[in-house]
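Residue numbers for the sequence shown, in our numbering: 13 to 469. Idealized CB from N, CA, C, for every residue including glycine. Nothing here was measured: the structure is a model prediction, and the numbers come from that model. To start, the structure under review is shown below, and the notes come after it.
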Amino acid sequence: MQAWARRVGGQDVAFGLPHQQQAALRVMLWVDYTGDLHLRLFGHLRLPVDPAAWQPRLVLEGPDPLPTLEARLESGPELLSRVQAQWLRPYSLRFELPPEYANVTCFKLLEKSYPGHKAPFCVPLEGGADGGRRGVDNSDDLRPMSVCEELAPRDRHTDSSPALWAAIGPPRHAHSTRDWGGHMEQVAIRTVHYLAYHVAMGMSGLLLYTDAVQRHYLRRVPALQPYLTAGHLRLVEWDYSERNHADDGRGRSLGYNYDQALFASHALLGLSACGTNVALMISDLDEYLYGTKPDARWPEPYARCVPRTAGDGGRPVVIHTLQRMEMLSSAVPPDDEPALWTAMPNTADPQAPPRHPLAQYDRRKPTPMTHNMHNKPIVLPAGEVVLFFVHEGAATRGEQQVVAADCVLLMHVPNYWRPRSNKEGQYRRFNVSTFLPFQHWLFDEAQNGGSGVTFLT
């Protein structure tokens, strides 16, 4: 059993989201069942019981003589009905904190339906006497600061122009081999490409979940130093084991995506006490945000065409599902596309600025993916989203809605890590011979000389 907690309450939120009058502690609980292999799915492990039937009995202990508190399950049957494959989802529970708990920062958590193990944890009060501990880590020195204010300063970001951060899970090695150096190098190169493009598109930065080895390596990559210094790259501590299953349930040696429900739920929980001036795009390194209107850098699409309310009651939309558009390059054969992403950009020559690999992608699938299994969202964590897994979740204080493809979407590069299409135009899900010409306005030679992406130095 693993659990993460976040204190909420007292934040001013907009969009019709109700103000929380009483402080509370929200807890995400993940039960890891290590039973038979046939129970595994998508690299995760099914729970040993029906999630709709099991009711965690979570108890919170503060210092004596304060009363113990019983949890209320947020992810109940009504929310479970909104998502698919709910056995993959962490549980979300809530403790309402009475006034005598106002200044308590350390607790013990007891799950009574399991053996009597008590899990100690501390959640400092942000801005309190101890200052609070930063929720993101981009150096060995953790400065006291409110994570909400650090990610989205209120003098620059509002509910109409929220700061957009990408959250990406640990880039695990596909086969869990001992080639740490080669793997880390490729992660670093792709992180530089990802950040250079998205900073140019108006994104505030990337919350990259990393283990101790990745943090140690990435902090020492010269090309990443400017992004760490500027605060565009935040390395979130995620020191959970890399798995090395002989079979993840789908015939693969490693369930690379076992982290996804866990890290995403952690990120959504960690930012749930922030206001609606913070937005989180939960995606992968091979997915790039694209505004279809020329010069549609964030937050322009959000203010112009992203749906803000839904339904007769005008409920706030807090999960914005982005459709994905498959991208290919005619500059090289499909088998050579992964090599486009393997070289660190050379920023030493100011007369010859490096070209971003995405500038060579000039073919797109005729229509974007519409099925929810292949899309990724931009989420307002203030909506208190629970039961999240990769593509969807359930908001306790808002709705989910698909964003129109002519507004903003995700460009997906299928041949990013390895070739997945061939010269004959065959791919797992589509016929690439039907792809249409594509011109990204950011790399339009006539408009800006093709220099729409600048790598920081």
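- In the three-state DSSP reduction, A406 falls in the strand class (E or B).
- As a beta-bridge residue in DSSP terms, F133 pairs with F119.
- Per DSSP, reduced to three states, the secondary structure at Y103 is strand.
- Between R316 and Y270, the alpha-carbon positions lie close to 36 Å from each other.
- Counting only residues of its own chain and dropping the five nearest sequence neighbours on each side, R309 has a CB closer than 8 Å to the CB of A212, M213, G214, G303.
- V391 and A291 have their alpha carbons spaced roughly 6 Å apart.
- When Cβ pairs closer than 8 Å are counted between the two stretches, the region 324 to 334 is seen to touch the region 401 to 418, the count reaching three or more.
- Assigned with DSSP and collapsed to three states, E86 falls in coil, not helix or strand.
- Taking the CA atoms as reference points, D418 sits about 11 Å from M337.
- Under the three-pair Cβ rule at 8 Å, the region 196 to 207 does not count as touching the region 317 to 324.
- Assignment of H452 by DSSP, reduced to helix, strand and coil, places it in the coil class.
- For H424, the enclosing beta strand (DSSP E) covers residues 420 to 424.
- Annotation for G464: A212, L454, F455 place their beta carbon closer than 7 Å to its own, counting only its chain and skipping 5 residues before and after.
- Classified as buried, W353 has 16 or more neighbouring CB atoms from the shown chains inside 10 Å of its CB.
- Membership of G217 in the beta strand (DSSP E) is indicated by the continuous run 217 to 222.
- In the structure shown, A360 falls within a coil segment according to DSSP collapsed to helix, strand and coil.
- For L163, the enclosing alpha helix (DSSP H) begins and ends at 159 to 163.
- Counted as a single uninterrupted DSSP element, the stretch harbouring L281 is not any beta strand (DSSP E) but the alpha helix (DSSP H) occupying residues 272 to 282.
- The shortest C-alpha to C-alpha distance from P68 to any of Y300, E123, G405 is the one to E123.
- Secondary structure note for T333: its beta strand (DSSP E) is the uninterrupted segment 327 to 334.
- For L72, the enclosing beta strand (DSSP E) covers residues 70 to 73.
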